[in-house]
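Step one of this worksheet: look at the structure below.
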């Protein structure tokens, strides 16, 4: 910031004699060199300002194409960073205040103009405008800094909340399988001689199942971590998607625990495409698992695949407990669970994983649900048939 020795002035005034007089007055300044360019109309000034740089505008309020303060707004729009000094014939305080309120830096009465008054007014106007701009930029930078810091604090709070929820989840969901392992191992160690072979096998299966549950939990947590740090990438391989989904449904139906049946339908045909089977498995396993878990026993779950020209649509429909409307906007947040799940076990990671896997596959997911009536989830994934398509 600072005042140049050479000051370029745009004078907007239609009286050429007065314009020459002002030019002669400014020539008398020995410390600075004023270069005055005169135009007689506001329209000429607007055009010139778009092509040429000036340091200050000296504006006569009486022009052929503009009267009084109506000239200010167009000039401020065209050159918002240039200071404006207003020239008028009258000693009107109200007009002066109005000019300053609308953005002018100073107000001069023509008959009182002298070398000292004119040069001081122009120089002060430039300095004040520079200070205003510096203050505005400083305030803008401060505002952005506050916004950035607020975002950082909000993210830090979210991370702290996630850490708290993560620790709470681990303490609960890891403790259950660990207790199973400790109990089964203890019985095998202390009572092995009294246990039948079938009982021993049952306890070993229980240990294996508990270890599998812990491994699945860790896998889900790590997947969320990779996704949120931008490191969840698709590994595409040629896959018969419809056949894969058929086998996945069959794997659900052979599980020993009591559960709802899955009504599986396919509309259309699909040649082998490129898919990330691991992500597809996470999507469908979580959605089908949730649909079954939150449905009353005996109520079937519908799983429909619709093959379209450029995309595959997956629809999973249940008639379970549904999702309260107040919970639906938070469903894809890690560890978030609906307020109506009561004592149904879960980690709150399933839909968070589904959302991130669908996003990684460049797809979309939509949820329609009503509490007490059930849920319909639609996943749309693009059909990819060649590597070039991936780009």
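Numbering (full-length UniProt numbering), first residue to last: 1 to 391. Glycine is no exception: its CB is placed at the ideal position from the N, C-alpha and C atoms. This structure is a prediction, so every number in the text was calculated from the model and none was measured.
- request: Would you mind working out which of 29, 294 and 249 sits nearest residue 116, comparing C-alpha positions?
  value: In the chain shown, residue 116 corresponds to position 116, counting from 1. Comparing Cα-Cα distances from residue 116 to each of 29, 294 and 249, the minimum goes to 29.
Cβ pair residue 301, residue 316 closer than 8 Å: As a position in the chain shown, residue 301 is number 301, starting the count at 1. As a position in the chain shown, residue 316 is number 316, starting the count at 1. Yes. Within cutoff.
Between the CA atoms of residue 49 and residue 369 - distance to the nearest angstrom: Translated into the one-based positions of the chain shown, residue 369 becomes position 369. Translated into the one-based positions of the chain shown, residue 49 becomes position 49. C-alpha separation (whole angstroms): 59 Å.
task: Run the CB neighbour count on residue 151, radius 10 Å, all protein chains shown included, and call it buried at 16 or more, exposed below.
output: Looking up residue 151 in the chain shown gives position 151. It is exposed - the Cβ of residue 151 has fewer than 16 other Cβ atoms within 10 Å.
Residues bridged to residue 263 [DSSP beta-bridge criterion]: Numbered from its first residue, the chain shown carries residue 263 at position 263. BP columns for residue 263 point to 302.
task: Jot down the residue ranges of each uninterrupted alpha helix (DSSP H) in the UniProt domain "Histidine kinase/HSP90-like ATPase" (275-385), minimum 4 residues, whole runs only, in chain order.
output: 277-293 and 350-360
task: Closer than 7 Å by C-beta to residue 203: which residues in its own chain qualify, once you throw out the five before and the five after it? Chain order, please.
output: Residue numbering aside, residue 203 sits at position 203 when the chain shown is read from its first letter. Closer than 7 Å at the Cβ level, and outside the excluded window around residue 203, lie 184, 187 and 188.
task: Thinking residue 19 and residue 26 are a contact (beta carbons under 8 Å), I'd like their distance in whole angstroms, please.
output: Locating residue 19 in the chain shown gives position 19, where the first residue counts as 1. Locating residue 26 in the chain shown gives position 26, where the first residue counts as 1. 11 Å between Cβ atoms; not a contact.
CB-CB length for residue 54 against residue 8, believed under 8 Å: In the chain shown, the residue the question calls residue 54 occupies position 54. In the chain shown, the residue the question calls residue 8 occupies position 8. Contact holds; Cβ gap of about 5 Å.
task: Report buried or exposed for residue 196, applying the criterion of at least 16 other Cβ atoms within 10 angstroms of its Cβ.
output: As a first step, residue 196 must be located in the chain shown, where it is residue number 196. Result: exposed.
field: Three-pair Cβ contact test at 8 Å for the segment 301-314 versus the segment 376-388
entry: yes
query: Hey, how far is the Cα of residue 76 from the Cα of residue 124?
result: Indexing the chain shown from 1 puts residue 76 at position 76. Indexing the chain shown from 1 puts residue 124 at position 124. The alpha-carbon atoms of residue 76 and residue 124 are separated by roughly 18 Å.
- prompt: Where do the N-terminal and C-terminal ends of the alpha helix (DSSP H) with residue 44 fall, by residue?
  reply: Residue numbering aside, residue 44 sits at position 44 when the chain shown is read from its first letter. Residue 44 -> alpha helix (DSSP H) spans 42-49.
field: Residues that residue 84 bridges to, as DSSP identifies them
entry: As a working note, residue 84 is residue 84 in the chain shown. Residue 84 is bridged to 57.
message: Tell me the DSSP secondary structure of residue 151 in three-state form.
response: By one-based count along the chain shown, residue 151 stands at place 151. The answer is helix: DSSP assigns residue 151 an H, G or I state.
query: Which residues share a DSSP beta bridge with residue 38?
result: Residue mapping note: residue 38 aligns to position 38 of the chain shown, counting from 1. Its beta-bridge partners are 11.
query: Ordered along the chain, which non-local residues of its own chain (more than five positions away) have a Cβ less than 7 Å from that of residue 63?
result: The residue given as residue 63 occupies position 63 in the chain shown. Contacts found: 12, 14, 41, 42 and 71.
- request: Assuming residue 234 and residue 198 form a contact by the criterion Cβ under 8 Å, report the distance between their Cβ atoms to the nearest whole angstrom.
  value: For the purposes of this step, residue 234 is taken as residue 234 along the chain shown, with counting starting at 1. For the purposes of this step, residue 198 is taken as residue 198 along the chain shown, with counting starting at 1. Not confirmed; about 44 Å, so no contact.
- request: Report all residues from its chain with a CB closer than 7 Å to the CB of residue 332; omit the five preceding and five following residues, and keep chain order.
  value: Taking the chain shown and counting its residues from 1, the one referred to as residue 332 is at position 332. Correct list, in chain order: 351, 352 and 355.
task: Report yes or no: do three or more beta-carbon pairs, one from the segment 221-239 and one from the segment 270-288, lie closer than 8 Å?
output: yes
message: Quick check on DSSP: helix, strand or coil for residue 52?
response: Along the chain shown, one-based indexing puts residue 52 at 52. Here residue 52 sits in coil by DSSP.
message: Taking a contact to mean a Cβ-Cβ separation below 8 Å, would you say residue 85 touches residue 61 in this structure?
response: Residue 85 sits at position 85 when you count from the first residue of the chain shown. Residue 61 sits at position 61 when you count from the first residue of the chain shown. No, they are not a contact pair.
query: Whose C-alpha, out of 210, 21 and 155, is nearest the C-alpha of residue 228?
result: Translated into positions along the chain shown, residue 228 becomes position 228. Residue 228 has its Cα closest to that of 155, out of 210, 21 and 155.
- request: Sort 47, 31, 103 and 81 by Cα distance to residue 69 and report the nearest one.
  value: In the chain shown, residue 69 corresponds to position 69, counting from 1. Among 47, 31, 103 and 81, the Cα nearest to that of residue 69 is on 103.
- prompt: How would you call residue 379, buried or exposed, if buried means at least 16 neighbouring beta carbons within 10 angstroms?
  reply: Working through the chain shown from its first residue, we reach residue 379 at position 379. Residue 379 should be labelled buried.
task: Please report the residue range of the alpha helix (DSSP H) in which residue 249 lies.
output: For the purposes of this step, residue 249 is taken as the residue at position 249 of the chain shown. Its alpha helix (DSSP H) spans residues 241-253.
query: Under the DSSP definition of a beta bridge, which residues are partnered with residue 66?
result: Here residue 66 is taken as the residue at index 66 of the chain shown, counted from 1. Bridge partners of residue 66: 63.
message: What does the alpha-carbon distance come out to for the pair residue 73 and residue 46?
response: The residue given as residue 73 occupies position 73 in the chain shown. The residue given as residue 46 occupies position 46 in the chain shown. Their Cα atoms are separated by approximately 11 Å.
- prompt: Which class does residue 140 belong to by DSSP, given the choice of helix, strand or coil?
  reply: Stepping through the chain shown from its first residue, residue 140 is reached at position 140. Three-state DSSP puts residue 140 in a helix.
Nearest residue (CA-CA) to residue 266, options 286, 249 and 279: Counting from one through the chain shown, the residue named residue 266 turns up at place 266. If we check each option's Cα against that of residue 266, 249 comes out closest.
field: Within 8 Å, strictly: CB atoms of residue 339 and residue 319
entry: For this step, residue 339 is matched to residue 339 along the chain shown. For this step, residue 319 is matched to residue 319 along the chain shown. In this structure, residue 319 does not lie closer than 8 Å to residue 339 by Cβ.
- request: Starting from residue 106, follow the beta strand (DSSP E) in both directions and report where the run begins and ends.
  value: Taking the first residue of the chain shown as position 1, residue 106 is located at position 106. Its beta strand (DSSP E) spans residues 106-109.
- prompt: For residue 232 versus residue 360, is the C-beta spacing smaller than 8 Å?
  reply: Here residue 232 refers to the residue found at position 232 when the chain shown is read from its first residue. Here residue 360 refers to the residue found at position 360 when the chain shown is read from its first residue. Taking 8 Å as the Cβ cut-off, residue 232 and residue 360 qualify as a contacting pair.
message: Nearest by alpha-carbon distance to residue 213: which of 177, 364, 193 and 39 is it?
response: Within the chain shown, the letter at position 213 stands for residue 213. Ranking 177, 364, 193 and 39 by Cα distance to residue 213 puts 177 first.
task: For residue 260, I'd like the list of residues in its chain whose CB is within less than 6 Å of its CB, leaving aside the five on either flank, ordered along the chain.
output: Here residue 260 refers to the residue found at position 260 of the chain shown. Closer than 6 Å at the Cβ level, and outside the excluded window around residue 260, lie 292, 295, 299, 300 and 301.
- prompt: Can you list the beta strand (DSSP E) stretches of 3 or more residues lying completely in the segment 181-225, in chain order?
  reply: none
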